[in-house]
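Undergrad: Going down the list, the protein sequences come from chains A and B.
So the number in the numbering used here is just where the residue sits in the first sequence, counting from 1, plus 448.
So the number in the numbering used here is just where the residue sits in the second sequence, counting from 1, plus 448.
Where is the CB? At the ideal position from N, CA and C, for every residue including glycine.
Computed from a predicted structure; not experimentally measured.
Before I ask anything, let me first share the structure, which is written out below as structure tokens.
2 protein chains.
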Amino acid sequence: MNSNSNLACDTCPVRESAACASLNDEERIKLSKIGRHKILKKGETLTAAGDENTVCATLVSGALKITSNDRDGTERILSLVHPAGFVGELFSPAVHHDVVALTESKLCVFSRPQYEEIIEGHPALALALLRRSADDLFDARSMMDLAGKRSADARVAGLIQAFARAASHSPCHSADTFDLPLTRGEMAGMLGLTIETISRKLGLLESDGLIKRQGARGIRISDHARLAELSD
Amino acid sequence: MNSNSNLACDTCPVRESAACASLNDEERIKLSKIGRHKILKKGETLTAAGDENTVCATLVSGALKITSNDRDGTERILSLVHPAGFVGELFSPAVHHDVVALTESKLCVFSRPQYEEIIEGHPALALALLRRSADDLFDARSMMDLAGKRSADARVAGLIQAFARAASHSPCHSADTFDLPLTRGEMAGMLGLTIETISRKLGLLESDGLIKRQGARGIRISDHARLAELSD
DNA sequence: CGAAAGGTTGAGTTCCGTCAAGTGTGGTGG
DNA sequence: CCACCACACTTGACGGAACTCAACCTTTCG
Numbered sequence: 449m450n451s452n453s454n455l456a457c458d459t460c461p462v463r464e465s466a467a468c469a470s471l472n473d474e475e476r477i478k479l480s481k482i483g484r485h486k487i488l489k490k491g492e493t494l495t496a497a498g499d500e501n502t503v504c505a506t507l508v509s510g511a512l513k514i515t516s517n518d519r520d521g522t523e524r525i526l527s528l529v530h531p532a533g534f535v536g537e538l539f540s541p542a543v544h545h546d547v548v549a550l551t552e553s554k555l556c557v558f559s560r561p562q563y564e565e566i567i568e569g570h571p572a573l574a575l576a577l578l579r580r581s582a583d584d585l586f587d588a589r590s591m592m593d594l595a596g597k598r599s600a601d602a603r604v605a606g607l608i609q610a611f612a613r614a615a616s617h618s619p620c621h622s623a624d625t626f627d628l629p630l631t632r633g634e635m636a637g638m639l640g641l642t643i644e645t646i647s648r649k650l651g652l653l654e655s656d657g658l659i660k661r662q663g664a665r666g667i668r669i670s671d672h673a674r675l676a677e678l679s680d
Numbered sequence: 449m450n451s452n453s454n455l456a457c458d459t460c461p462v463r464e465s466a467a468c469a470s471l472n473d474e475e476r477i478k479l480s481k482i483g484r485h486k487i488l489k490k491g492e493t494l495t496a497a498g499d500e501n502t503v504c505a506t507l508v509s510g511a512l513k514i515t516s517n518d519r520d521g522t523e524r525i526l527s528l529v530h531p532a533g534f535v536g537e538l539f540s541p542a543v544h545h546d547v548v549a550l551t552e553s554k555l556c557v558f559s560r561p562q563y564e565e566i567i568e569g570h571p572a573l574a575l576a577l578l579r580r581s582a583d584d585l586f587d588a589r590s591m592m593d594l595a596g597k598r599s600a601d602a603r604v605a606g607l608i609q610a611f612a613r614a615a616s617h618s619p620c621h622s623a624d625t626f627d628l629p630l631t632r633g634e635m636a637g638m639l640g641l642t643i644e645t646i647s648r649k650l651g652l653l654e655s656d657g658l659i660k661r662q663g664a665r666g667i668r669i670s671d672h673a674r675l676a677e678l679s680d
């Protein structure tokens, strides 16, 4: 159990952008009373499918994946969670998906029933979560769109573009040099492909001059236009 | 323009289950002032990708699909909307997906900016939408899971089970005789497959004795267990 | 240094998409 | 009533894209 200390909202890096930013000081103090920090190391899980649904959380730093697993053990990534993101299935008695840390991550964890009570008493929080939820829904649909592309080329190209957009912090622009945040296996899990196919397609993208690789993870996009065309 | 009359909430079939059910009479009357009914015939669109985002709506009867289109014209179905469901991308300036009627549908349409104002002033509505949004997100992830299965067999089997669950009105149980609500093309669009593959897989499921078909749309599930195993 | 995990590459095979032809079926109009 | 058409669906043959299996390379970490 690696939880600890009271919450230090004052120094929280996501205090302006997370759902709790909608609360005033008094309300936030109240919320902080029922929350606690938790550190997940890379690969550790917050909740697993089948668990009783007791917690929800705001991600403070790091990154999480939300996944489900086929019987044969293949992991399917349903969503990535970035700092200020909210995780947890509100209003549901059971947990349906695994939530696992991609990198060492810091969370603000709450009891789900208590959090729901607070939501009901605090309209601003409900509204903030509604906005976040609308974004999550849009992201999920974007991912469905990506994973549903016919060819593996289009999916890989689209994923690279998505990472490039996420890597640049300005929302409309996209970085042209960045590191892939996932292993080949995780990318495969997002796109419904295999590790080998990801590896081969990245090789092809490079030999076609659309990207340049530096080591296993480093990517430089050389031809945004052709990449966009491929991914359409 | 097939809009009309004031809203008749009193006789609305989804008045107990839609988001607006959370409002008291006075509030609902206020909401009904800014809404109007609209009938969409099969195939007609409510909003198209690229439009300015001006409307949102509650589905009263019928069924909708939320789709995106590849450049080559392939339609990808991102979500199905059932009565009492809410459609519209709140808090977003532009529309990203098409919303099209699968069958003749009756909607309660609102101006999105006005609706957002009302949400901000009515916590119960925000909370109701948050619950609905959480459900939508779960559905979206379930569909990602389904469409991400390795084999076409698993996807088709899973889709049939999903329809069987939707056809029985009790949420935990699943019907064993029902009609497919979609054309082969639409099923293909949901699963990222082709019409021909859907057709063939249905044929195989029948010849393997898992289902029995009556005409193009009628399905009877003969072997729930093997179907579930296939779809896992 | 050795082991483990992540990544690449190759050869063979299978599954699904493509193209094409053919079978209902419901609706419209002569 | 039948002829015709549009649309949804089925079926077959074929080729190619992605999966599987397997070997090997690279980096990291104990």
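Kindly list the residues whose CB is nearer than 6 Å to the CB of residue 638 of chain B, restricted to its own chain and excluding five residues on each side of it in sequence; keep chain order.
TA: Against the second sequence, residue 638 of chain B aligns to sequence position 190. Excluding residues within five positions, the ones whose Cβ falls inside 6 Å are 525.
Undergrad: If you drop the 5 nearest sequence neighbours on each side, which residues of the same chain put their C-beta closer than 8 Å to that of residue 522 of chain A?
TA: For the purposes of this step, residue 522 of chain A is taken as residue 74 along the first sequence, with counting starting at 1. 637.
Undergrad: By alpha-carbon positions, which one of A:519, A:654, A:670 and A:672 ends up nearest to residue 664 of chain A?
TA: Within the first sequence, numbered from 1, the residue matching residue 664 of chain A stands at position 216. The shortest Cα separation from residue 664 of chain A among A:519, A:654, A:670 and A:672 belongs to A:654.
Undergrad: Excluding the 5 residues preceding and the 5 following residue 564 of chain A in the sequence, name in chain order all residues of the same chain whose CB lies nearer than 8 Å to its CB.
TA: In the first sequence, the residue the question calls residue 564 of chain A occupies position 116. Closer than 8 Å at the Cβ level, and outside the excluded window around residue 564 of chain A, lie 538 and 539.
Undergrad: Measuring CB to CB, does residue 502 of chain B end up less than 8 Å from residue 468 of chain B?
TA: For this step, residue 502 of chain B is matched to residue 54 along the second sequence. For this step, residue 468 of chain B is matched to residue 20 along the second sequence. The answer is no: Cβ separation not under 8 Å.
Undergrad: Which residues does DSSP pair with residue 483 of chain A in a beta bridge?
TA: Here residue 483 of chain A refers to the residue found at position 35 when the first sequence is read from its first residue. A:558.
Undergrad: Compute the distance between the beta-carbons of residue 578 of chain A and residue 581 of chain B, then report whether it is under 8 Å.
TA: Residue numbering aside, residue 578 of chain A sits at position 130 when the first sequence is read from its first letter. Residue numbering aside, residue 581 of chain B sits at position 133 when the second sequence is read from its first letter. Yes, the pair counts as a contact, with Cβ atoms nearer than the cut-off.
Undergrad: Can you give, in chain order, each stretch of the alpha helix (DSSP H) that sits fully within the segment 468-522 of chain B and has at least 4 residues?
TA: For the segment 468-522 of chain B, whole alpha helix (DSSP H) runs of length 4 or above, ordered along the chain, are 473-482.
Undergrad: Going straight from the alpha carbon of residue 451 of chain B to that of residue 584 of chain B, what length do you get?
TA: As a position in the second sequence, residue 451 of chain B is number 3, starting the count at 1. As a position in the second sequence, residue 584 of chain B is number 136, starting the count at 1. Interpretation of residue 451 of chain B is limited by its pLDDT of 44, a score under 50 that renders its predicted location unreliable; the figure taken from the coordinates is listed afterwards. Approximately 27 Å, taken between the alpha carbons.
Undergrad: For the beta strand (DSSP E) holding residue 666 of chain A, just list the boundary residues, first then last.
TA: Numbered from its first residue, the first sequence carries residue 666 of chain A at position 218. Segment 666-669, the beta strand (DSSP E) holding residue 666 of chain A.
Undergrad: Mind pulling the chain A residues with CB within less than 8 Å of residue 545 of chain B?
TA: Locating residue 545 of chain B in the second sequence gives position 97, where the first residue counts as 1. Correct list: 589.
Undergrad: Would you call residue 486 of chain B buried or exposed, if buried means 16 or more other Cβ atoms sit within 10 Å of its Cβ?
TA: Counted from its first residue, the second sequence places residue 486 of chain B at position 38. Looking at its Cβ environment, which holds 16 or more other Cβ atoms inside 10 Å, residue 486 of chain B is buried.
Undergrad: From what residue to what residue does the alpha helix (DSSP H) around residue 649 of chain B run?
TA: Translated into positions along the second sequence, residue 649 of chain B becomes position 201. Run containing residue 649 of chain B: 643-655, per the alpha helix (DSSP H) assignment.
Undergrad: DSSP three-state call for residue 586 of chain B: helix, strand or coil?
TA: Within the second sequence, numbered from 1, the residue matching residue 586 of chain B stands at position 138. Three-state result, residue 586 of chain B: helix.
Undergrad: Let me confirm a value: residue 622 of chain B is counted as buried when at least 16 other C-beta atoms fall within 10 Å, else exposed. Which label applies?
TA: Your numbering for residue 622 of chain B matches position 174 in the second sequence. The residue in question, residue 622 of chain B, is buried, as its Cβ has 16 or more Cβ neighbours within 10 Å.
Undergrad: According to DSSP, simplified to helix, strand and coil, what is residue 613 of chain A?
TA: Taking the first sequence and counting its residues from 1, one reaches residue 613 of chain A at position 165. Here residue 613 of chain A sits in helix by DSSP.
Undergrad: Would residue 571 of chain A pass as an interface residue toward chain B - the criterion being a Cβ-Cβ separation below 8 Å?
TA: Here residue 571 of chain A is taken as the residue at index 123 of the first sequence, counted from 1. Output row for residue 571 of chain A: interface = yes.
Undergrad: For residue 658 of chain B, does the three-state DSSP call read helix, strand or coil?
TA: Counting from 1 along the second sequence, the entry for residue 658 of chain B is found at position 210. Residue 658 of chain B: coil per DSSP, three-state reduction.
Undergrad: Once you ignore the five residues that flank residue 641 of chain A on each side, which residues in its own chain have a CB closer than 7 Å to its CB?
TA: As a first step, residue 641 of chain A must be located in the first sequence, where it is residue number 193. 600 and 603, listed in sequence order.
Undergrad: What does the alpha-carbon distance come out to for the pair residue 568 of chain A and residue 669 of chain A?
TA: Within the first sequence, residue 568 of chain A is the residue found at index 120, counting from 1. Within the first sequence, residue 669 of chain A is the residue found at index 221, counting from 1. Taking the straight line joining both Cα atoms gives about 46 Å.
Undergrad: Nearest chain B C-beta to residue 674 of chain A closer than 8 Å, yes or no?
TA: Here the question's residue 674 of chain A lines up with position 226 in the first sequence. So no, residue 674 of chain A is outside the interface.
Undergrad: Tell me which residue opens and which closes the alpha helix (DSSP H) that residue 549 of chain A is part of.
TA: Working through the first sequence from its first residue, we reach residue 549 of chain A at position 101. Where residue 549 of chain A is concerned, there is no enclosing alpha helix (DSSP H), although the beta strand (DSSP E) it sits in stretches over 546-549.
Undergrad: Quick check: the Cα distance between residue 566 of chain B and residue 619 of chain A, rounded to an integer number of angstroms?
TA: Here the question's residue 566 of chain B lines up with position 118 in the second sequence. Here the question's residue 619 of chain A lines up with position 171 in the first sequence. Residue 566 of chain B and residue 619 of chain A: Cα-Cα distance of roughly 28 Å.
Undergrad: Closer than 8 Å between beta carbons: that is the criterion. Which residues of the segment 473-490 of chain A meet it against chain B?
TA: Correct list: empty, as no residue qualifies.
Undergrad: Might you give, ordered along the chain, the residues of its own chain that have their beta carbon closer than 6 Å to the beta carbon of residue 605 of chain A, omitting 5 neighbours on each side?
TA: Taking the first sequence and counting its residues from 1, one reaches residue 605 of chain A at position 157. Once the five neighbours on either side are set aside, the close Cβ partners of residue 605 of chain A are 675, 678 and 679.
Undergrad: Under the rule that 16 or more other beta-carbon atoms within 10 Å means buried, what is residue 466 of chain B, buried or exposed?
TA: Translated into the one-based positions of the second sequence, residue 466 of chain B becomes position 18. With 16 or more other Cβ atoms within 10 Å, it is buried.
Undergrad: Quick one: Cα of residue 650 of chain A to Cα of residue 627 of chain A, how far?
TA: Locating residue 650 of chain A in the first sequence gives position 202, counting from the first residue. Locating residue 627 of chain A in the first sequence gives position 179, counting from the first residue. Cα to Cα, residue 650 of chain A sits roughly 13 Å from residue 627 of chain A.
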